[in-house]
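Here the protein sequences line up with chains A and B, keeping their order. Start counting the first sequence at 474; every next residue gets the next number (the numbering used here). Start counting the second sequence at 474; every next residue gets the next number (the numbering used here).
There are 2 protein chains.
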Amino acid sequence: MSCEHDHDMATASSVVPKVKLFGAPYSTCTSRVIMCLMEKQVDYDLQVVDIAKTQDHKKPEFLAMQPFGMIPVLQDKDIQVFESRAIVRYIARKHEGHGTPLYGTSEKDRAMVEQWLEVEAQNYNPAIAPAVWHLVHAPLFGQQGDPAIAATSLQKLEKVLDVYEGVLSKSKYLAGDFFSLADLSHIPFTHYLINDGGKGEIYDKRPHVKAWWTSISTRPTWKKHLSNAFPGRTFP
Amino acid sequence: MSCEHDHDMATASSVVPKVKLFGAPYSTCTSRVIMCLMEKQVDYDLQVVDIAKTQDHKKPEFLAMQPFGMIPVLQDKDIQVFESRAIVRYIARKHEGHGTPLYGTSEKDRAMVEQWLEVEAQNYNPAIAPAVWHLVHAPLFGQQGDPAIAATSLQKLEKVLDVYEGVLSKSKYLAGDFFSLADLSHIPFTHYLINDGGKGEIYDKRPHVKAWWTSISTRPTWKKHLSNAFPGRTFP
Chain A
474 MSCEHDHDMA TASSVVPKVK LFGAPYSTCT SRVIMCLMEK QVDYDLQVVD IAKTQDHKKP
534 EFLAMQPFGM IPVLQDKDIQ VFESRAIVRY IARKHEGHGT PLYGTSEKDR AMVEQWLEVE
594 AQNYNPAIAP AVWHLVHAPL FGQQGDPAIA ATSLQKLEKV LDVYEGVLSK SKYLAGDFFS
654 LADLSHIPFT HYLINDGGKG EIYDKRPHVK AWWTSISTRP TWKKHLSNAF PGRTFP
Chain B
474 MSCEHDHDMA TASSVVPKVK LFGAPYSTCT SRVIMCLMEK QVDYDLQVVD IAKTQDHKKP
534 EFLAMQPFGM IPVLQDKDIQ VFESRAIVRY IARKHEGHGT PLYGTSEKDR AMVEQWLEVE
594 AQNYNPAIAP AVWHLVHAPL FGQQGDPAIA ATSLQKLEKV LDVYEGVLSK SKYLAGDFFS
654 LADLSHIPFT HYLINDGGKG EIYDKRPHVK AWWTSISTRP TWKKHLSNAF PGRTFP
């Protein structure tokens, strides 16, 4: 990974321009894309957008690129895409024959990856996101977390994890016996809930979910991203 | 469209087995898939799952197919997929050269379709869904809608529509000058909010949004779906 700026690209030896990723290394949605780029071995420049102090994502020049004022945005020559799950689909499709086969190897694999990527977006994310906000991120943004909302959120998450436990008792990963875009998409929020929110026990008490989390969170790509994003800090 | 049962398929003249769609014709997520099947000219059998009276989607035989107990589910020979947006991606990809080109015609088109399909799922749907539930669907399920939640939901929706107005002032549809999976995905919830919730004015007062809604809601496929789902009722 590198965090070079525009002028560095002109002096780079490679003639293939790197893709440009506008985001923040600690952001969950940016992390989803960074992990995908790493798995597909795509070189990129991270252009840091400060969403905490200077609120760069709400400034007119950024809104011209992302009208909802959210990160990340990917720029790949003349193609500019926002929404992290649209970006990872774009990367996985464009680099289909390169790096980790994040869509699997058959039409059926691909259908299952899309299914579980949607489950992450529609079931898992709405359950986990409020817990992570109220337990972990609100204080960082100078707001007070609400323990009652976090508790309700965790109850919903446990129901989703009950379904996952059943699915993961039949296959190693969500879409089958291969690591995919669907597993990858779960990592950033789960990382915060376990390692900063202290809620690892709801994963640990489900043996197949626990084995899945151990497998996906110890991938070299994710460990490398964490060491870049949080230098000096170690995670289990 | 047909709503035949298994035994009818054996006598059908076509040797290509129809895909089987488990869902309810009045359900928003089922409607998303039906419209996609119609645009791609894919013949299908709708196997009605009663989510209102007999709660078929919560019965063990259905949960074995869809562990979250939600509709729809698509069965296409040995491939079985749930989550409506995963299903429409599967259909659009499998039948890429047939019917309406719902992913556009270039890699850039496709990236834009994925982007706006995600915006629908992550921004538009969370804003509109509570309004439709509390204004339209709750009473049908014997529950009382909460006008305050509906009002908050509509406020969020108006902010999303402000962004859409800007985007649709530059292109006829969300992903460009072609009707795509992204536009299609917006139709079912918007239909209920306008035609049963009486909130058409928030679309009408934004001229580009209004023109877009008129264009997508008057497609022959959607009109045909409505006349199948609500026989005898007319919509503007």
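From the three backbone atoms N, C-alpha and C, an ideal C-beta is built for every residue, glycine too.
- Our two residues, residue 510 (chain B) and residue 587 (chain A), have alpha carbons roughly 17 Å apart in a direct line.
- The C-alpha of residue 705 (chain A) is placed about 48 Å away from the C-alpha of residue 505 (chain B).
- Between the alpha carbons of residue 693 (chain A) and residue 534 (chain B) lies a distance of about 40 Å.
- Here residue 703 (chain B) is exposed: its Cβ has fewer than 16 other Cβ atoms, across all protein chains shown, within 10 Å.
- For residue 517 (chain A), the enclosing beta strand (DSSP E) starts and ends at 517-521.
- For residue 639 (chain A), the secondary structure class from DSSP, reduced to helix, strand or coil, is helix.
- Apart from the 5 residues on each side of it in sequence, residue 555 (chain B) sits with its Cβ closer than 6 Å to the Cβ of 539 and 546 in its chain, given in chain order.
- Between the segment 649-660 of chain A and the segment 626-635 of chain A there are fewer than three C-beta pairs closer than 8 Å, too few to call the two in contact.
- Residue 605 (chain A) and residue 709 (chain B) have their alpha carbons spaced roughly 44 Å apart.
- Contact annotation, residue 512 (chain A) with residue 657 (chain A): C-beta distance approximately 7 Å; criterion of less than 8 Å satisfied.
- Chain-order list of chain B residues neighbouring residue 541 (chain A): 596 and 636, by C-beta distance under 7 Å.
- Under the Cβ distance rule, residue 556 (chain A) counts among the residues neighbouring chain B, one pair being separated by less than 7 Å.
- Taking every protein chain shown into account, the CB of residue 518 (chain A) has 16 or more other CB atoms within 10 angstroms, so this residue is buried.
- Counting along the chain, the unbroken beta strand (DSSP E) around residue 549 (chain B) starts and ends at 546-549.
- Taking the Cα of residue 615 (chain A) as reference, the smallest distance to any Cα among A:515, A:691, A:595 and A:524 is reached at A:524.
- For the set B:610, B:679 and B:707, the Cα lying nearest the Cα of residue 500 (chain B) is the one of B:610.
- Annotation: Cβ neighbours of residue 584 (chain B) in chain A (cutoff 8 Å, chain order): 552, 554, 559 and 563.
- For the segment 522-601 of chain B, the continuous alpha helix (DSSP H) assignments of 4+ residues that do not extend past its boundaries occur at 533-536, 557-567 and 580-592, in sequence order.
- At a cut-off of 7 Å between beta-carbon atoms, residue 569 (chain B) makes no contact with chain A.
- A direct Cα-to-Cα measurement between residue 520 (chain A) and residue 496 (chain B) gives close to 45 Å.
- In the displayed model, residue 495 (chain A) falls within a strand according to three-state DSSP.
- Annotation for residue 650 (chain A): no alpha helix (DSSP H) segment contains it, and DSSP assigns it neither H nor E.
- Between residue 553 (chain B) and residue 493 (chain B), the gap from beta carbon to beta carbon reaches 7 Å or more.
- Flagged as an interface residue toward chain B: residue 587 (chain A), by a C-beta distance shorter than 7 Å.
- When C-alpha distances from residue 613 (chain B) are compared across B:661, B:676, B:568 and B:669, the shortest belongs to B:669.
- Look at residue 531 (chain A): its C-beta is not under 7 Å from any C-beta on chain B.
- Counting every other CB atom within 10 Å of its CB across the protein chains shown gives residue 571 (chain A) a total below 16, marking it as exposed.
- Shown here, residue 505 (chain A) sits in a helix according to DSSP, grouped into three states.
- Per the coordinates, the alpha-carbon of residue 599 (chain A) lies some 31 Å from the alpha-carbon of residue 681 (chain B).
- Nearest Cα to residue 630 (chain B) within the set B:589, B:619, B:676 and B:655: B:676.
- Within 10 angstroms of the beta-carbon of residue 661 (chain A) lie 16 or more other beta-carbons, which makes it buried.
- Around the Cβ of residue 655 (chain A), a 10 Å sphere holds 16 or more other Cβ atoms; the residue is buried.
- Around residue 592 (chain A), the beta-carbon contacts reaching into chain B at under 7 Å are 556.
- Straight across, the Cα-Cα distance linking residue 575 (chain A) with residue 569 (chain A) is about 8 Å.
- Identification of residues in the segment 669-691 of chain A having a C-beta nearer than 8 Å to some C-beta of chain B yields an empty set.
- Here residue 622 (chain B) has 603 and 607 as same chain residues with Cβ atoms under 6 Å from its own Cβ, once five neighbours each way along the sequence are excluded.
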